[in-house]
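A.B. asks:
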Amino acid sequence: MSWPIVVITGANSGVGFGICQRLLCQLAEKIPSDTLIKPQELSGNSEKDVREADQFVLPCEGITLIMACRSVQRAEVARQKLLQILDERVEALRNTPSYDGHAECFRKNVQIKIHSVDLSSLETIPKFVQELEISYPYVSHLICNAGIAPFISINWPSCIHQLLTDPLGAVTTPTYYSQTWGEVSQDGYGFTWQCNVFGHYTLYKDLYHLLSSSKYRYDSRVIWTSSLESKKTYRAEDWQLKETHDPYGSSKYQVELISAELDRRVLDEPNASKRVRHFTAHPGVTHTNIDLNLINPLLHYLKHFIFYLARWIGSPNHPIALNKGAVSVVWLSIISLSTLTVFNASNKGVRPRLKFAAQTDFWGHSCVGVTEIEGGEKYSEEGKELVDNCENLYQGIKVARK
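Each residue of the sequence shown is one higher than the one before, counting from 1 in the UniProt record's numbering.
1. In the DSSP assignment, the beta strand (DSSP E) including residue 407 goes from what residue to what residue?
2. Kindly indicate which residue of L386, A149, S333 and L298 has the alpha-carbon position closest to the one of R22.
3. Looking at L119: is its Cβ nearer than 8 Å to the Cβ of L24?
4. Report all residues from its chain with a CB closer than 6 Å to the CB of H278; omit the five preceding and five following residues, and keep chain order.
5. For the alpha helix (DSSP H) that contains F128, what are its first and last residues?
6. Please classify G364 as buried or exposed, where buried requires at least 16 other C-beta atoms within 10 Å of its C-beta.
7. Within 10 Å of its beta-carbon, does K324 have 16 or more other beta-carbons around it, so buried, or fewer, so exposed?
8. For E261, write down the residues that DSSP places opposite it in a beta bridge.
9. Can you tell me where the alpha helix (DSSP H) with Q21 in it begins and where it stops?
10. Determine, using beta carbons only, whether Q254 and V197 come nearer to each other than 8 Å.
11. To which residues of the same chain is N389 closer than 7 Å at the C-beta, ignoring the five residues directly before and after it?
12. With distances taken Cα to Cα, identify the nearest neighbour of T124 among G199, E243 and G383.
13. Which of helix, strand or coil does DSSP assign to C144?
14. In three-state terms, what does DSSP make of T173?
15. Per the DSSP calculation, H278 is bridged to which residue(s)?
16. How big is the Cα-Cα spacing for H141 and S220?
17. Buried or exposed: which applies to K108, given that a residue is buried once 16 or more other Cβ atoms fall within 10 Å of its Cβ?
18. Return yes when the Cβ of H245 is within less than 8 Å of the Cβ of W156, no when it is not.
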């Protein structure tokens, strides 16, 4: 049986930890409840659209979860917590009247492994990949979650102005964070760009032979995490984001460009029996500790409450809990990809570029939102150019390694 082997970067904390938690708990169910989520924007598929390689085999009888983290020590703490959460979930399922034994069978075949990698230092990636080559026959999923948000302060006049003029936007897509900019990595690239974009591109390329291995006969999936704050704020020649004052939002914009372009290239080869697919997802608004260095603890917890107010007045974009913010990534990880073949797009015959959002209703029930990535043909051309730029850099790095 080809069980999934899933690599998650930045898995020891934040949304990365939430992804691990939700994925394990979902697969402990014979029919994961997330597979029953049906986004309104997706209108299903026809029989001719179904390929065997599109499937994710359910019930899932085992998984190898690879936590790709900078700190092995912090990852080990997270690993123990994940196992505890999973054991509690298995026990809860075991006590249900209709229990059929699946959860315990799955739990016996769960392996959570830790491997060290630091995307801000490209020299750590080949060693990481070599460890995986020795230990695992293939990789079925690569979840590109790690990254940095280089926020250094809050512009309080701007914050107050947005709260007064656009209160929901102020707690959904804030415009008042100041960021560090102009930083260069030890490899010579824009620091935020390398951590959020090029580090993952390099990791994907180095892992390609494991992702495309026929030992896993289904399509492999690369899921790139974006953000509600994704937006372009850089000039074309500054594609390494050294000069923009919003390298975070711009890096997430580039993630969407790269993911859409790489998947377009894959789907332009319709006769391939095995594909490495690419998707973009974001967690919505979740409550993390990312701003504890910017505000005092009282404001931090007040912000938590305000997030709930935003949900209660109708915002679908406030999952808040980390495992709820993980729903879009986990859903993409375990559904049949044939689900995505039909989309209610306005331009018939044009393959839309989609991104998937973690959302909730008033009561906190998880759902997945689907939107088209904006930009049209100009966006497509920009994506091609950006992927070509990344590929040229990557090929130069490969030559330098020899």
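Beta carbons are placed, not taken as given, at the ideal position from N, Cα and C, and that holds for glycine.
C.D. replies: Looking at the atomic coordinates:
1. Given that the chain is displayed from residue 1 to residue 402, the structure contains no residue 407 and the question cannot be resolved.
2. Numbered from its first residue, the sequence shown carries residue 22 at position 22. Of L386, A149, S333 and L298, the residue nearest in Cα terms is S333.
3. Translated into the one-based positions of the sequence shown, residue 119 becomes position 119. Translated into the one-based positions of the sequence shown, residue 24 becomes position 24. Cβ atoms of L119 and L24: not closer than 8 Å.
4. Reading the sequence shown from its first residue, position 278 is the one you call residue 278. V222, S259, L262 and D263, listed in sequence order.
5. Here residue 128 refers to the residue found at position 128 when the sequence shown is read from its first residue. Boundaries of the alpha helix (DSSP H) harbouring F128: T124 to S135, taken from the DSSP string.
6. Taking the first residue of the sequence shown as 1, we reach residue 364 at position 364. The residue is exposed, with fewer than 16 neighbouring Cβ atoms inside 10 Å.
7. Translated into the one-based positions of the sequence shown, residue 324 becomes position 324. Buried.
8. Residue 261 sits at position 261 when you count from the first residue of the sequence shown. Per DSSP, none; premise fails for E261.
9. Residue 21 sits at position 21 when you count from the first residue of the sequence shown. For Q21, the enclosing alpha helix (DSSP H) has its first and last residue at G14 to L27.
10. The count along the sequence shown starts at 1 and reaches residue 254 at position 254. The count along the sequence shown starts at 1 and reaches residue 197 at position 197. Cβ distance < 8 Å, so Q254 and V197 count as in contact.
11. For the purposes of this step, residue 389 is identified with residue 389 of the sequence shown, where counting begins at 1. Excluding residues within five positions, the ones whose Cβ falls inside 7 Å are W239.
12. Taking the first residue of the sequence shown as 1, we reach residue 124 at position 124. Of the candidates G199, E243 and G383, the one whose C-alpha sits nearest the C-alpha of T124 is G199.
13. Sequence index remark: in the sequence shown, residue 144 carries index 144 (1-based). Three-state DSSP puts C144 in a strand.
14. In the sequence shown, counting from the first residue as 1, residue 173 sits at position 173. Under the three-state reduction of DSSP, T173 is assigned to coil, being neither helix nor strand.
15. The residue given as residue 278 occupies position 278 in the sequence shown. H278 pairs with V222.
16. Position 141 of the sequence shown holds residue 141. Position 220 of the sequence shown holds residue 220. The straight-line gap from Cα to Cα measures roughly 6 Å.
17. Walking along the sequence shown from the start, residue 108 turns up at place 108. The residue in question, K108, is exposed, as its Cβ has fewer than 16 Cβ neighbours within 10 Å.
18. On the sequence shown, position 156 is the one that residue 156 refers to. On the sequence shown, position 245 is the one that residue 245 refers to. No, the pair does not count as a contact, with Cβ atoms beyond the cut-off.
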